[in-house]
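Since the structure comes first, as structure tokens, the remarks are kept for the end.
Protein chains: 2
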Amino acid sequence: MASSSLTLSQAIFSPSLPRHGSSSSSSPSLSFPIFSGLKSTPFTSSHRRFLLPSTSFTKQQLSVRASAAVETLEKTDAALVEKSVNTIRFLAVDAVEKANSGHPGLPMGCAPMGHILYDEVMKYNPKNPYWFNRDRFVLSAGHGCMLQYALLHLAGYDSVQEEDLKSFRQWGSRIPGHPENFETPGVEVTTGPLGQGIANAVGLALAERHLAARFNKPDSEIVDHYTYVILGDGCQMEGISNEACSLAGHWGLGKLIAFYDDNHISIDGDTEIAFTEDVSARFESLGWHVIWVKNGNTGYDEIRAAIKEAKAVKDKPTMIKVTTTIGFGSPNKANSYSVHGSALGAKEVEATRNNLGWPYEPFHVPGDVKTHWSRHTSEGAALETEWNAKFAEYEKKYPEEAADLKSIITGELPAGWAKALPTYLPESPADATRNLSQQNLNALAKVLPGFLGGSADLASSNMTLLKMFGDFQKNSPEERNLRFGVREHGMGAICNGIALHSLGLIPYCATFFVFTDYMRGAMRISALSEAGVIYVMTHDSIGLGEDGPTHQPIEHLASFRAMPNILMFRPADGNETAGAYKVAVLKRKTPSVLALSRQKLPQLAGTSIDGVAKGGYIVSDNSSGNKPDIILLGTGSELEIAVKAADELRKEGKTVRVVSLVSWELYDEQPADYKESVLPASVTARVSIEAGSTFGWQKFLGDKGKAIGVDGFGASAPADRIYKEFGITAEAVVAAAKEVS
Amino acid sequence: MASSSLTLSQAIFSPSLPRHGSSSSSSPSLSFPIFSGLKSTPFTSSHRRFLLPSTSFTKQQLSVRASAAVETLEKTDAALVEKSVNTIRFLAVDAVEKANSGHPGLPMGCAPMGHILYDEVMKYNPKNPYWFNRDRFVLSAGHGCMLQYALLHLAGYDSVQEEDLKSFRQWGSRIPGHPENFETPGVEVTTGPLGQGIANAVGLALAERHLAARFNKPDSEIVDHYTYVILGDGCQMEGISNEACSLAGHWGLGKLIAFYDDNHISIDGDTEIAFTEDVSARFESLGWHVIWVKNGNTGYDEIRAAIKEAKAVKDKPTMIKVTTTIGFGSPNKANSYSVHGSALGAKEVEATRNNLGWPYEPFHVPGDVKTHWSRHTSEGAALETEWNAKFAEYEKKYPEEAADLKSIITGELPAGWAKALPTYLPESPADATRNLSQQNLNALAKVLPGFLGGSADLASSNMTLLKMFGDFQKNSPEERNLRFGVREHGMGAICNGIALHSLGLIPYCATFFVFTDYMRGAMRISALSEAGVIYVMTHDSIGLGEDGPTHQPIEHLASFRAMPNILMFRPADGNETAGAYKVAVLKRKTPSVLALSRQKLPQLAGTSIDGVAKGGYIVSDNSSGNKPDIILLGTGSELEIAVKAADELRKEGKTVRVVSLVSWELYDEQPADYKESVLPASVTARVSIEAGSTFGWQKFLGDKGKAIGVDGFGASAPADRIYKEFGITAEAVVAAAKEVS
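These protein sequence lines are chains F and D, in that order. Under UniProt numbering, residues 1 to 741 are what the first sequence spells out, in order. Under UniProt numbering, residues 1 to 741 are what the second sequence spells out, in order.
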């Protein structure tokens, strides 16, 4: 978060330069040629990483850049472009060769579009990869990561130095085997699992469109960037990409431009063996504008023209199908699966060098290519400086909006936000935690400017509608209720994109807990890529009743408890639901899953927001000296049952402690003495109750404890009956307590 | 399995009736009008459940049916059809009303197509729901299950009697809240989670096409049925359906006919809010034939004509988009989301009765409707008898093929099949278990006629190609290597369809273990619906190395160990891999997941096929009296490390037992005395090692044991280095052993 705070501090403290029109607004006197092709007269400047003194550019320097605008693509030095493209190809070939591991084929085929994007089209500041208004680039075909690393290297990102290229895929390297946003500044999202990236990109483009609609003013387009993606045949085959692209078409995300690397080769060989659909027609059916670049290997002007056309289509996302040759340049391996995922081998590298006329040593960037690219450092800094000035102006005119936007950019939450969370007394009405969740969602949306989300066509079951907002739609993108349709996997990945767009965007998304099975691929990427998405998962057990075993989660709590860097909450009532939301909002680098009940639950005495923050805590106890006869542990809807059982046992003269283990992960983080105060080692008589798999409970129960749960599939019947038939009852807890004590 | 064995016994023992051409072959003298509309002259016969004495039909009776063929749809009693359709509607309305739970909207809208399918089009035998050559029907929009239950009831299936309809969604009912093949004979697959059913149907249609290609002869079309599906807007939005339908188009599954219930309503309201793509154009792009029935509410002839057209298109699957009104007939709730998932309420039920002119009591089937449908019992029996005769003829002419087909139908494995499994000696070469797996797959394919499968575009990494077979493709459907493309979720659900088509079809499918996250929805349905799919999951840990954390499973072993009715295997070497396959093949009602290594592993002394069958067993021990100083537990690639650590500890004078816990589920099933012989309670010094989450290990380690594993995400580097850096080493095991003993 530090670096982005710095970014904002620039915005806050930069002296007000004259406001310049951004590229897509029209300020003819001083428009910046950032989208318009090669510029041959770079200017240089020195910068500190992530912090540009805004005084480092004079008006004169800025107008030097402006004058470059008169250059056109026709004047581009074609030989230099070719050389730059081959530099990209060989950086990829050499890095994969040195690692003896990786995927050279895609970078070799996609180098032309990569070059055009990073050198001619995209606006970014290599010395501050987190500059808010940058264009976003996503390599959905993440295995081709050397393409992106080579581009980041040429563009001047500090995260990819020559020594990094030489340590590709090695222990401690900053450039891992697939793009990881948390390892490599300049990488926006984490890709590799196919289809995730294109869906992330939909989320990034949604975020831009939403923020632009909320914050742009007729006199200031303060939010204004494109989202570019490269995806391959693999991404296209994955269902998640169809889900996300259907939504992108529905939402009309005109600033999303996807390049489909149409190379006809996947790991198993020619795509003819499994992928013969008409992809372009499919995208048209999804509401996309589609362009076909037939020669992606050398058709630079075709690619440029396609991008221009894509930008002109403002009400639809665009897919540019770019037909390429995988492993372009390799005389013996191009256009075959053998170049997809293995090093070329010394001999073929040599042959490729000869074939493309590349006389240089491995990892060499020719001087003229280096010089050519070096301008991005100064130009990027200028772009940011310009934007900072624009923001300062914006802030003067629109202080309230600026404050909200600033909060969204920096992730700094408004002071006192947590006071908005509702609290409950034991006398408060019983309610399903899904309903209590909705009270929290609506309370949070009032105080958190970046809070938005929705459900996969279950808003009225998941209780996720924000009542004060309308639906985010093509014609109402300023609204905050997202309607994902029945597309769980796409939903999760879109939320990852939203979360990783800006630190203060806090997306939530919802479905039935059992259908996390449909979106686990995206949820794991949330965890890995440190995207603090909030997963609102209702109907969290057999307690949903009649819908039956297809809809009743059993193993799902355990499956998330075993996943790294994700918080699994199972709140028991209103206070615990609020406590879960408090942590979930605070944990911007860890996603949270809230398992919520369909059925009504009482507000329990002893539950608290603060208790939840510790993951496990004592709800009630009639013992003294930290020595109860029995400890009953419960979560969620079964905490009520534990409380009832405790009452019974106390009537019989036992001292009983009831512990809520609402989040195992948070409890595990507590200091030993706290844990000893909740679950003293000396008390081995322990019983847990949870309407889910008992798998994993032994950790808290010890050798002598007993777990009550559900280890088979559920059943279709009214919930009360299932609970009774499955033995998830206070009687069963009492009986087990007697057994173990 | 019993009932299907009976089916086969019919085939085996039925006297040879004259062979009749099936509906799609041309035998003008005696062709059966089973596809051609209403027949008004039913004949009756008595039958025993699932066992039809083949003598119960005379040639004369059969020719009575033949004469019905001259009737045409024009002669159909339109009023009776309408009455039958309303019967279906009200059975659904009444059952949902009585349960006060369920989804009346779809059955009310889809009753016309349901009626036409079950009454006029499909061939089935209600008294033997498992008759091999039946048409398959899948309600992909499973929430509308009352449609199917009503149809099964009218058609004469014993599984849905009036009392069943009255206990819909109640404890112990045979008709649960979503269709479950294991609860309700007549239901082919388990649906409800959206998109699964259409993908299952692709699997069913694939199975038919494959078996037809292998077993049909110019003079005998012994395998010949259609697969029908009804899917809704929800199914269409799910990515899995696009995956599966892309494959269906690619494979040209002409006998797959899908009805898209286009009612414009999903749970959150009008589909306009999230689903505005052009579905028909998308299906055309996927290679389907598309027909639009504009009036699905009353356009019976339109529906009939569409089915006729669909059947005429033999090289493409067909989607018939049927525009319907959800909740048709309900004057105040039709065409709104309120009729989707709740009972209508007494008042609206009354209003609907008035509106549709339905004077009957709840659950009443009018006499003429009952009479009309009653012919299906005899006709179905005749169909089966006819087919049995055909099979007997086939068997005479083609005894080898008949034996294979019989094995596929009954699931009876050929004698001695398990002898084909390879075994290994400690001297056998070290190899990755993924390679050893391929040896097993190829060995099994030689002896199991119903063994087929493939990978999600990773055949050369998962090592899943069957070397003696080619690819199952449009023009080579007799082959057994399935090429799924990068479509994991679709792959899993297609395999469920294959497995549930015939007891002896044993599908396997493959991807990297981490990508089970993409297909978990389908895998859970395998477990729930008792589909014995074999999941070949390679690259099963950080041991895959450079691809990094996006590709390295951590929590996946735990997540499947927590799932009911699925076997999670992690074999350590060749013998254990063979052992896992042996159990996986035998367990036809439980899916198996094999986690296999990318990296080379030695053949260990002490491993065995028989050991694997017990889930956990002693690999080596230098103690006596069941009292080792220390027990080391390992699985898969880390069993080798446990063995090495044991060697070290033994050198230091300790008695050490090494236990392989290759399948926790199988171990849990063992009797207590066996478990005590492996993990004696008195020995508390235990250390486990597994390159995955330690979650759940405490169960075997007890309070004093120690688990060595990986509880964070992995890293991108060569595998050896990651193992060392993460402390997954013999040294770590030795140190932990000293700590705990």
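The C-beta atom is built at its ideal place from N, Cα and C for all residues, glycine as well.
At least one CB atom of chain D sits nearer than 8 Å to the CB of F/ASP703. The straight-line gap separating the alpha-carbon atoms of D/THR191 and D/CYS235 is approximately 11 Å. Cα atoms of D/ASP621 and F/PRO564: separation of roughly 35 Å, rounded to the nearest angstrom. The beta carbon of D/ASN216 is closer than 8 Å to those of ILE222, VAL223 and ASP224 in its chain, skipping five residues each way along the sequence.
D/PRO331 is classed as exposed because its beta carbon has fewer than 16 other beta carbons within 10 Å across all chains shown. One finds ASP471 and ARG483 in chain D with Cβ atoms closer than 7 Å to the Cβ of F/ILE273, taken in chain order.
Inside the segment 92-152 of chain D, DSSP marks whole alpha helix (DSSP H) runs of 4 or more residues at positions 105-115, from first to last along the chain. If you draw a straight line from the Cα of F/ALA613 to the Cα of F/PHE560, it is about 18 Å long. The beta carbon of F/PRO591 sits no closer than 8 Å to any beta carbon of chain D.
With a contact defined as Cβ atoms closer than 8 Å, D/LEU601 and D/GLU546 miss out at about 19 Å. For F/TYR157, no alpha helix (DSSP H) encloses it, and the DSSP letter there is neither H nor E.
The beta-carbon of D/LEU253 is placed no less than 8 Å from the nearest beta-carbon of chain F. At a cut-off of 8 Å between C-beta atoms, D/SER623 does not count as an interface residue with respect to chain F.
Cβ contact annotation for D/GLY470 (same chain, cutoff 6 Å, sequence separation greater than five): SER476 and GLU479, in chain order.
Rounded to whole angstroms, D/GLY186 and D/GLY102 show a C-alpha spacing of 20 Å.
Going by C-alpha positions, F/ILE240 is about 22 Å away from D/HIS539. A direct Cα-Cα distance of roughly 52 Å separates F/LYS419 from F/VAL322. Contact between F/SER285 and D/ASP517 does not hold, since their C-beta atoms are separated by about 28 Å, which reaches or exceeds 8 Å. Within the segment 159-185 of chain F, those residues whose Cβ lies closer than 8 Å to any Cβ of chain D are, in chain order, ARG169, GLN170, TRP171, GLY172, SER173, PRO176, GLY177, HIS178 and GLU180. Collapsing the DSSP output to three states places F/ASN481 in a strand.
One finds nothing in chain F with a Cβ atom closer than 9 Å to the Cβ of D/LYS308; even the nearest lies about 26 Å away. D/GLN698 has a beta carbon lying within less than 8 Å of a beta carbon in chain F. Beta-bridge annotation (DSSP): F/LEU231 is paired with F/TYR260. Contact check between the segment 529-543 of chain D and the segment 590-599 of chain D: three or more CB pairs, one atom from each, fall below 8 Å, which counts as touching.
In the structure shown, the three-state DSSP call for D/ARG686 is strand. The Cβ atoms of D/VAL514 and D/HIS556 sit closer than 8 Å to each other.
Under the criterion of beta carbons closer than 8 Å, D/LEU356 and D/ASN133 do not qualify as touching, at roughly 37 Å. Counting the other CB atoms within 10 Å of its CB gives F/LYS123 a total of 16 or more, which places it among the buried residues. D/GLN670 carries a coil assignment under DSSP once its states are collapsed to helix, strand and coil.
When C-beta atoms of the segment 137-146 of chain F are compared with those of the segment 367-381 of chain F, fewer than three pairs fall below 8 Å, so the two segments do not count as touching. Beta-bridge pairing by DSSP links D/TRP292 to D/LYS321.
Contact of D/SER101 with chain F is assigned, a C-beta pair being separated by under 8 Å. D/MET237 carries a helical assignment under DSSP once its states are collapsed to helix, strand and coil. Going by DSSP, F/ALA707 is part of the beta strand (DSSP E) stretching over 706-708.
Interface criterion not met: the Cβ of D/ILE198 is under 8 Å from no Cβ in chain F.
Three or more Cβ pairs closer than 8 Å define a contact, and the segment 140-156 of chain F meets that threshold against the segment 191-208 of chain F.
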